[in-house]
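Quick note, the sequence shown lines up with residues 1 to 349 if you use full-length UniProt numbering. Don't be surprised by glycine CBs; every beta carbon is placed ideally from N, CA and C. Here the structure is a predicted model, which is why all the values come from computation and not from measurement. What follows is one structure encoded as structure tokens, with my remarks underneath.
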Amino acid sequence: MADARGLVDRLAAEHALPVEKYEELVRSFSPALAAYAAERAVAARREVYGDEVFVRGLIEVSSHCRNDCRYCGLRRSNRSAERYRLAPEEVLSCCDTGYDLGFRTFVLQGGEDPALTDAVVCDMVSRIKAAHPDCVVTLSLGERSRASYQALRDAGADRYLLRHETADAAHYARLHPPELTLERRLACLRDLREIGYQVGCGFMVGSPGQTSATLAEDLRLVEELRPEMCGIGPFVPHHATPFAEEPAGSVELTCYLLSLLRLIDQRLLLPATTALATLDPRGRERGMLAGANVAMPNLSPMDVREKYELYDNKAHAGSEAAEGLAELRRRMESVGCRVVVGRGDARRR
Ligand code: SAH
Ligand code: SF4
């Protein structure tokens with residue numbers, strides 16, 4: 001424990017560790033060590049962001065997906081999934097509602113839907129930017145070609161979220177079918193960075209086959225890639241996937257990893273994710289107490305929310321929903337944070 005605390009201190013001072021030290025930190029996880037890391041992480045976050053929490057309105061634009069990721073309820077093999085696709089007008093109307101609620105970042109997320117061509121998405125992005133020039137558009141639409149990422153960027157998209165899911169190639173192969181590779185995923189992240197997006201990577205905590213060694217590689221990847229954002233949340237099983245019987249990831253371990261990520265990069269945009277809020281009603285608060293500084297409430301039209309079922313029991317009501325922003329504000333205040341209206345960019349060095 002004393003050694004592990006020393007490693008937390010070293011990470012807080014140097015923002016980097018050899019991969020075997022990350023592994024030692026993950027292996028040494030205990031509630032007491034997590035509390036220590038959280039204290040340091042919150043102090044680090046305060047130095048940069050004070051008590052500010054950024055909110056993003058999440059719009060789930062399509063539940064169609066050509067991919068077959070083994071963990072995800074939207075995978076193409078899931079014949080029982082209900083598929084929908086929002087019309088551009090619906091997306092715009094979600095943004096209008098969100099703008100009035102105080103959102104200045106809209107995240108357009110969806111499965112890898114072949115109908116979301118460059119022309120369709122570029123049109124959506126440019127219309128949102130025209131209607132709300134002071135807003136940020138974030139895309140999370142999976143793997144696309146470099147030319148496509150460039151076209152979307154040219155249309156006005158500012159940020160792109162593409163979780164790497166795991167930085168270990170063998171583990172990646174356990175989570176995905178053969179046509180999806182870690183190499184390609186990392187190439188996409190490199191392209192996005194080079195094109196000038198603010199980039200977000202990330203991973204699930206407790207996905208089948210994950211070990212302290214693979215988590216150490218995830219931490220190391222974040223240290224090397226230095227993304228603006230990193231989205232992590234517990235794995236939650238979905239009943240119609242090959243991982244239906246696998247146990248869910250741990251809220252405590254997720255929070256501990258949030259703290260370590262905060263110590264790797266004080267300026268990181270770090271969401272307390274919906275998956276965390278799904279497994280624990282106080283998940284958002286616990287995320288903030290571990291060093292997170294972003295929440296992404298759901299702005300999707302009510303009638304599609306249940307259909308965007310990445311995993312079972314996905315939270316989409318209460319403070320999870322954008323309409324519950326007042327409740328989210330109260331919850332954040334209860335843990336010493338304050339929701340602000342603004343773009344919420346990462347503070348630069
Ligand atoms: N199709 C896009 C965006 C939608 S999926 C993409 O794959 O990037 C968004 C994220 O949901 C994924 O990156 C994955 O980390 C997460 N996710 C999917 N299934 C999940 C599950 N069963 N439990 C927890 N998170 C899951
Ligand atoms: Fe599709 Fe994304 Fe789900 Fe994979 S994780 S099946 S790409 S929606």
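(request) Specify, as a first and last residue, the run of the alpha helix (DSSP H) that C201 falls within. (result) Element bounds for C201: not the alpha helix (DSSP H) but the beta strand (DSSP E), Q198 to V205.
(request) Please confirm if the stretch 41-57 is in contact with the stretch 213-225, defined as three or more CB-CB distances below 8 Å between the two stretches. (result) Taking 8 Å as the limit for Cβ pairs, the verdict is that the stretch 213-225 does not touch the stretch 41-57.
(message) Taking contact to mean 3 or more Cβ pairs, one atom from each stretch, closer than 8 Å, check whether the stretch 110-123 and the stretch 63-83 are in contact.
(response) Yes: the two stretches touch, three or more of their Cβ pairs being nearer than 8 Å.
(request) Give a single yes or no on whether V91 has its beta carbon closer than 7 Å to a heavy atom of ligand 1. (result) No, Cβ of V91 sits at least 7 Å from all heavy atoms of ligand 1.
(message) Runs of 3 residues minimum, wholly inside the stretch 19-90: which ones carry the beta strand (DSSP E) assignment?
(response) You should have 52-55 and 57-62.
(request) Return yes when the C-beta of S140 is under 7 Å from any heavy atom of ligand 1, and no when it is not. (result) Look at S140: its beta carbon is less than 7 Å from one of the heavy atoms in ligand 1.
(request) Between the Cα of A43 and those of P18, N293 and G324, spot the shortest distance and give me the residue it belongs to. (result) Looking at the Cα atoms, N293 is the closest of the given residues.
(message) Quick check on V236: does DSSP put it in helix, strand or coil?
(response) Residue state for V236 is assigned as coil, using DSSP reduced to three classes.
(message) I need the straight-line Cα distance from Y149 to R185, nearest angstrom please.
(response) Cα-Cα distance, rounded: 13 Å.
(request) May I have the straight-line CA-CA distance separating E24 from L268, to the nearest angstrom? (result) Across the structure, E24 and L268 are spaced so that their CA atoms are roughly 23 Å apart.
(request) Could you pull out every residue in the same chain whose Cβ sits closer than 7 Å to the Cβ of D218, ignoring the five residues on either side in sequence? (result) Excluding sequence neighbours, D218 sits near T166, A167 and F203.
(message) Looking at S207: is its Cβ nearer than 8 Å to the Cβ of G142?
(response) Not closer than 8 Å, so no.
(message) Spatial neighbours of L92 within its chain, please: C-beta separation below 8 Å, excluding the five flanking residues on both sides.
(response) Once the five neighbours on either side are set aside, the close Cβ partners of L92 are M124, R127, I128 and A131.
(message) Within 8 Å, do at least three Cβ pairs link the stretch 311-330 to the stretch 17-35?
(response) Counting C-beta pairs closer than 8 Å gives fewer than three between the stretch 17-35 and the stretch 311-330, which falls short of the contact rule.
(message) Taking the beta strand (DSSP E) that G110 belongs to, which residues open and close that run?
(response) For G110, the enclosing beta strand (DSSP E) covers residues T105 to G110.
(message) Relative to the C-alpha of L253, which candidate in P114, P271, L276 and E246 has its C-alpha closest?
(response) The candidate whose alpha carbon is nearest that of L253 is L276.
(request) Take L261 as the anchor and find which of G231, C122 and R284 has the nearest alpha-carbon. (result) For L261, the closest of G231, C122 and R284 by C-alpha to C-alpha distance is G231.
(message) Out of M296, E309, G342 and D158, which one is the CA nearest neighbour of A322?
(response) The shortest CA-to-CA distance from A322 to any of M296, E309, G342 and D158 is the one to M296.
(message) Please determine whether the Cβ atom of G233 lies at a distance below 7 Å from any heavy atom of ligand 1.
(response) Yes, ligand 1 has a heavy atom inside 7 Å of this Cβ.
(message) Could you compute how far the alpha carbon of G233 sits from the alpha carbon of V340?
(response) Across the structure, G233 and V340 are spaced so that their CA atoms are roughly 23 Å apart.
(request) Compare the C-alpha of residue 350 against each of P227, D312, A346 and L299 and name the closest. (result) Lying before the first or after the last residue shown, residue 350 is absent from the chain, which here runs from 1 to 349.
(message) For ligand 2, I want to know if R184 counts as a neighbour, meaning its beta carbon is within less than 7 Å of at least one of the ligand's heavy atoms.
(response) No - ligand 2 has no heavy atom lying nearer than 7 Å to the Cβ of R184.
(message) By the DSSP assignment, the alpha helix (DSSP H) with S212 in it spans what residues?
(response) S212 -> alpha helix (DSSP H) spans S212 to L225.
(message) Using a 10 Å radius around the Cβ and a threshold of 16 neighbouring Cβ atoms, would you call A170 buried or exposed?
(response) So A170 ends up on the exposed side.
(request) Take P227 as the anchor and find which of V236, V251 and L189 has the nearest alpha-carbon. (result) Of V236, V251 and L189, the smallest CA-CA separation from P227 is found for L189.
(request) Determine the extent of the beta strand (DSSP E) in which R338 is found, giving its start and end residues. (result) DSSP places R338 inside the beta strand (DSSP E), whose first and last residues are R338 to V340.
(request) Report buried or exposed for P271, applying the criterion of at least 16 other Cβ atoms within 10 angstroms of its Cβ. (result) Burial state of P271 is buried, judged by a 10 Å Cβ sphere holding 16 or more other Cβ atoms.
(request) Give the range of the beta strand (DSSP E) segment to which T138 is assigned. (result) That run of the beta strand (DSSP E) goes V136 to S140.
(request) Check each candidate in V136, Y311 and E14 and name the one with the smallest Cα separation from D242. (result) In the sequence under discussion, the amino acid at residue 242 is Pro, which differs from the Asp named in the question. Checking every option, the nearest Cα to that of P242 belongs to Y311.
(request) Might you give, ordered along the chain, the residues of its own chain that have their beta carbon closer than 6 Å to the beta carbon of G102, omitting 5 neighbours on each side? (result) Take G102, set aside five residues on each side of it, and the residues of its chain with a beta-carbon closer than 6 Å to its own are V341, in chain order.
(message) With a threshold of 7 Å (Cβ to nearest heavy atom), would E246 be considered close to ligand 1?
(response) Taken from the Cβ of E246, every heavy atom of ligand 1 lies 7 Å or farther away.
(request) Return the first residue and the last residue of the alpha helix (DSSP H) that R146 is part of. (result) R146 to D154 is the extent of the alpha helix (DSSP H) around R146.
(request) Tell me, please, which residues DSSP counts as bridged to Y160. (result) Partner residues in the beta bridge of Y160, as assigned by DSSP, are L139 and V199.
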